[in-house]
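Down below is the structure, laid out as structure tokens.
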Amino acid sequence: MQVRVDSDLCQGHTLCAMAAPDLFALRDEDGHAYAPDENVPAAQEERAQEAARSCPERAVQLS
Ligand code: SF4
Numbered sequence: 001m002q003v004r005v006d007s008d009l010c011q012g013h014t015l016c017a018m019a020a021p022d023l024f025a026l027r028d029e030d031g032h033a034y035a036p037d038e039n040v041p042a043a044q045e046e047r048a049q050e051a052a053r054s055c056p057e058r059a060v061q062l063s
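Counting in the UniProt record's numbering, the final residue of the sequence shown is number 63, and the numbers go up one at a time with none missing.
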């Protein structure tokens, strides 16, 4: 599984980072989220799905 954040949709709510703190980081300049490593370890897949569900902007994309 891979995870990406659509930076055009992200509004910086940080809910994704709360759901999966190991998968997301927040940019200092605007508070928007990004995935430092797009490859999701198998043990983190459930958290990645929770992060996608929790994002109000549907900016968390899994593939
Ligand atoms: S929850 Fe969605 S909108 Fe909020 S920081 Fe995460 S990706 Fe961005």
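Ideal Cβ placement from N, Cα and C applies to all residues, glycine included.
Which residue's Cα is closest to the Cα of Ser-7: Gln-49, Ala-48, Ala-25?
Here residue 7 refers to the residue found at position 7 of the sequence shown. Measuring from the Cα of Ser-7, the nearest candidate turns out to be Ala-25.
Among residues of its own chain, excluding the 5 on either side of Glu-50, which ones have a beta-carbon nearer than 8 Å to its beta-carbon?
Looking up residue 50 in the sequence shown gives position 50. Once the five neighbours on either side are set aside, the close Cβ partners of Glu-50 are Ala-19, Ala-20.
Do Glu-29 and Arg-4 have their C-beta atoms closer together than 8 Å?
Walking along the sequence shown from the start, residue 29 turns up at place 29. Walking along the sequence shown from the start, residue 4 turns up at place 4. Not in contact: Glu-29 and Arg-4 (Cβ atoms no closer than 8 Å).
Across which residues does DSSP place Ala-51 in a beta bridge pair?
The residue labelled residue 51 in the question sits at position 51 within the sequence shown. Answer is none; Ala-51 lacks a bridge partner.
Contact set for Leu-23: own chain, Cβ-Cβ below 7 Å, skip 5 residues either direction
Along the sequence shown, read from residue 1 onward, the residue named residue 23 stands at position 23. Val-3, Ala-35, Val-40, Gln-44, Arg-47, Ala-48, Ala-51, listed in sequence order.
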